[in-house]
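**Q** Below you'll find the structure I mean.
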Amino acid sequence: MSEAYSPVPELNLLKELQDRLGGRPYAGGFELFDYGDAGYLQGLAHPEFGERLIPFARASDSGSFYALWRCDDREDMATLPVLFCGDEGELFIEASGLRDLFRLLALDGAHLDGAELEEEDHTAGHHEYLAWLEGNFGLAPPRDAAPIHEAAFAQYGRPFAEWWLRLVPDHASVEEMLRELSSRWLLL
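Here it is, written out as structure tokens:
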């Protein structure tokens, strides 16, 4: 019996699919890498980053990655918020948990750039991924990524920004995130 990829059953199921696909992409630019690879956190000097951020996948072909944010000590790590950490310093609360991220991945990368893909533009393993998503979780692709992003941001944006600013008070992307969150709250 092989060792599990991670302590998160949902990620282990995805890793099994990825291995079964033998290198064929299944969600535009996405690929699991070594769970918790601290190399992705280089440049973040405060030790709390290593304790609270868990990198687990490439988000794009350009070096962006996804990480779980251990915002608390909940047991079900699949319900931790998922961060998009851009290769140019961008930070976004991508999803409220892994299942929402998995739904976004079903858009095959279109959620990152807003493009609509034609059938022939999907990745080679896209149909297998959709079957996996439905078979394991009863989920389908969202019609629109915005409600998933907005819900995640509304729930976790302010706590994340406050946490980040406590560690890196001059980080521009988080300051922008706070302004956006403040504006959104005024509209509610």
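Numbering (my numbering), first residue to last: 70 to 257.
The beta carbon of each residue, even a glycine, is placed where N, CA and C say it ideally should be.
On a predicted model such as this, the values are computed, not experimentally measured, just so you know.
If we call anything under 8 Å between Cβ atoms a contact, is R127 one with G98?
**A** As a first step, residue 127 is located in the sequence shown; it is residue number 58 there, counting from the start. As a first step, residue 98 is located in the sequence shown; it is residue number 29 there, counting from the start. Yes, the Cβ-Cβ distance between R127 and G98 is below 8 Å.
**Q** Determine which residues share a DSSP beta bridge with L101 and list them.
**A** Mapped onto the sequence shown, residue 101 falls at position 32. In the DSSP output, where bridge partners are listed per residue, L101 has A126.
**Q** In this structure, does DSSP put L137 in helix, strand or coil?
**A** The count along the sequence shown starts at 1 and reaches residue 137 at position 68. The answer is strand: DSSP assigns L137 an E or B state.
**Q** Return the chain-ordered list of same chain residues with a C-beta closer than 6 Å to the C-beta of V77, the five sequence neighbours on each side being excluded.
**A** To locate residue 77, count along the sequence shown from 1; it is residue 8. Around V77: M146, A147.
**Q** Using only alpha-carbon positions, find the residue among E72, W138, S129 that is nearest to E117.
**A** Within the sequence shown, residue 117 is the residue found at index 48, counting from 1. Taking only the C-alpha atoms, the option nearest E117 is W138.
**Q** Using three-state DSSP, classify N219 as helix, strand or coil.
**A** Looking up residue 219 in the sequence shown gives position 150. Checking the displayed sequence, the identity of residue 219 turns out to be Glu instead of Asn. Helix, per DSSP.
**Q** Give me the Cα-Cα distance between D130 and D142, rounded to the nearest whole angstrom.
**A** In the sequence shown, the residue the question calls residue 130 occupies position 61. In the sequence shown, the residue the question calls residue 142 occupies position 73. Looking at the two C-alpha atoms, the distance is approximately 31 Å.
**Q** Taking A200 as part of the alpha helix (DSSP H), name the residues at either end of that continuous run.
**A** Counting from 1 along the sequence shown, the entry for residue 200 is found at position 131. Looking at the DSSP string, the run of the alpha helix (DSSP H) that includes A200 is 195 to 206.
**Q** Roughly how many whole angstroms lie between the Cα atoms of G155 and G132?
**A** The residue given as residue 155 occupies position 86 in the sequence shown. The residue given as residue 132 occupies position 63 in the sequence shown. Their backbone Cα atoms lie some 7 Å apart in a straight line.
**Q** By the DSSP assignment, the alpha helix (DSSP H) with L90 in it spans what residues?
**A** The count along the sequence shown starts at 1 and reaches residue 90 at position 21. Careful: L90 lies outside any alpha helix (DSSP H) and carries neither H nor E.
**Q** Going by the beta-carbon positions, is the gap between L174 and E163 smaller than 8 Å?
**A** Residue 174 sits at position 105 when you count from the first residue of the sequence shown. Residue 163 sits at position 94 when you count from the first residue of the sequence shown. The answer is no: Cβ separation not under 8 Å.
**Q** How many angstroms separate the CA atom of P211 from the CA atom of A220?
**A** Position 142 of the sequence shown, counting from 1, holds the residue named residue 211. Position 151 of the sequence shown, counting from 1, holds the residue named residue 220. Their Cα atoms are separated by approximately 13 Å.
**Q** Figure out for me which residue from Y95, L86, Q224, E197 has the closest Cα to the Cα of L166.
**A** In the sequence shown, counting from the first residue as 1, residue 166 sits at position 97. Note on residue identity: the sequence assigns Gly, not Leu, to residue 166. For the residues Y95, L86, Q224, E197, the minimum Cα distance to G166 belongs to Q224.
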